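The block underneath contains the structure these notes are about, expressed in structure tokens.
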Amino acid sequence: GNSVTQMEGPVTLSEEAFLTINCTYTATGYPSLFWYVQYPGEGLQLLLKATKADDKGSNKGFEATYRKETTSFHLEKGSVQVSDSAVYFCALNPGGGADGLTFGKGTHLIIQP
Amino acid sequence: GAVVSQHPSRVICKSGTSVKIECRSLDFQATTMFWYRQFPKQSLMLMATSNEGSKATYEQGVEKDKFLINHASLTLSTLTVTSAHPEDSSFYICSARGVAGAGANVLTFGAGSRLTVL
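Residue numbers (my numbering), protein chains in the order written: chain V, 6 to 118; chain G, 47 to 164.
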């Protein structure tokens with residue numbers, strides 16, 4: 006079946022540090038991959054996505070590259086801010102669209118001033 | 047942008063009672079809505095997919111008689127947890143997808159509803 010594994014948190018970093026949150030997946034076919042972010046008290050928001058191998062999704066300084074050879078979609082940001090503190094979810098859709106997503110457990114990111 | 051509202055955000059009920067959670071798309075028509083359940087430190091698990099005007103499609107292992115889903119209009123879907131028990135305590139999250147306007151072809155999530163069954 007389909008599954009998503011992401012690093013467990015919480016991850017605590019200082020402001021302006023480099024961020025990597027690992028995500029690997031198992032899926033049949035050619036899934037689309039997503040990163041969602043959930044700020045305290047709010048719903049999940051799409052952060053970025055990639056629909057095919059070697060695609061790079063980017064938004065708000067965050068990037069993730071769809072690596073089919075390693076079945077990974079690691080989230081990176083060069084310099085984090087306190088406002089980036091949130092829970093980040095990696096997700097996939099095996100059918101290529103945005104329906105019926107399979108999520109990872111989420112990684113709680115804490116950025117300290 | 048597209049907004050999805052869930053109500054109530056928190057609910058506490060006694061074992062054996064039924065609880066209804068509403069999911070509303072505020073500025074777009076949601077042809078499809080999804081209900082997820084999230085246990086502490088666990089993934090969001092898809093429970094069911096509902097299309098406006100038709101019966102919901104439940105994921106394997108989800109009791110359709112336990113979790114009643116109604117999607118009677120293009121802006122409202124409801125999840126009713128019937129005869130709730132403590133093991134039903136969880137965080138329930140809905141998402142919606144529209145076909146036009148602000149919600150077109152994107153998944154917009156509600157903020158979630160935390161159910162505690164005593």
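C-beta atoms are modelled at their ideal positions from N, C-alpha and C, and glycine is treated no differently. In this text the structure is predicted, and so the values were computed from the model without any measurement.
Q | Minimum Cβ-Cβ distance from T107 (chain V) to chain G less than 9 angstroms | A | As a working note, residue 107 (chain V) is residue 102 in the first sequence. Yes, T107 (chain V) lies at the interface with chain G (some Cβ there is under 9 angstroms from its Cβ).
(Q) Here's the rule: buried if 16 or more other CB atoms are within 10 angstroms of the residue's CB, otherwise exposed. What is A22 (chain V)? (A) In the first sequence, counting from the first residue as 1, residue 22 (chain V) sits at position 17. By the neighbour-count rule (16 or more Cβ atoms within 10 Å), A22 (chain V) is not buried but exposed.
Q. Thinking C-alpha only, which one of V:Q43, V:A69, V:K57, V:F39 is nearest I115 (chain V)?
A. Working through the first sequence from its first residue, we reach residue 115 (chain V) at position 110. Minimum Cα distance to I115 (chain V) is reached at V:Q43.
**Q.** Close-in-space but distant-in-sequence residues of the same chain around S8 (chain V) (CB under 6 angstroms, 5 per side omitted)
**A.** Locating residue 8 (chain V) in the first sequence gives position 3, counting from the first residue. Hits under 6 angstroms: T31.
Q: Quick one: which residues of the stretch 34-48 of chain V get their C-beta closer than 7 angstroms to a C-beta of chain G? List them in chain order.
A: G46, E47, G48
(Q) Taking its Cβ as the centre, do 16 or more other Cβ atoms sit within 10 Å of K110 (chain G), making it buried, or is it exposed? (A) As a working note, residue 110 (chain G) is residue 64 in the second sequence. Label assigned to K110 (chain G): exposed.
Q. Which residues mark the beginning and the end of the beta strand (DSSP E) in which Y82 (chain G) is found?
A. Within the second sequence, residue 82 (chain G) is the residue found at index 36, counting from 1. Counting along the chain, the beta strand (DSSP E) containing Y82 (chain G) begins and ends at 76-84.
Q: Give the residues from the stretch 50-69 of chain V that approach chain A closer than 9 angstroms (Cβ to any Cβ), ordered along the chain.
A: Among the protein chains in the structure shown, which are V and G, there is no chain A.
Q | CB contact flag (E20 (chain V), V92 (chain V), <9 angstroms) | A | Within the first sequence, numbered from 1, the residue matching residue 20 (chain V) stands at position 15. Within the first sequence, numbered from 1, the residue matching residue 92 (chain V) stands at position 87. No. Outside cutoff.
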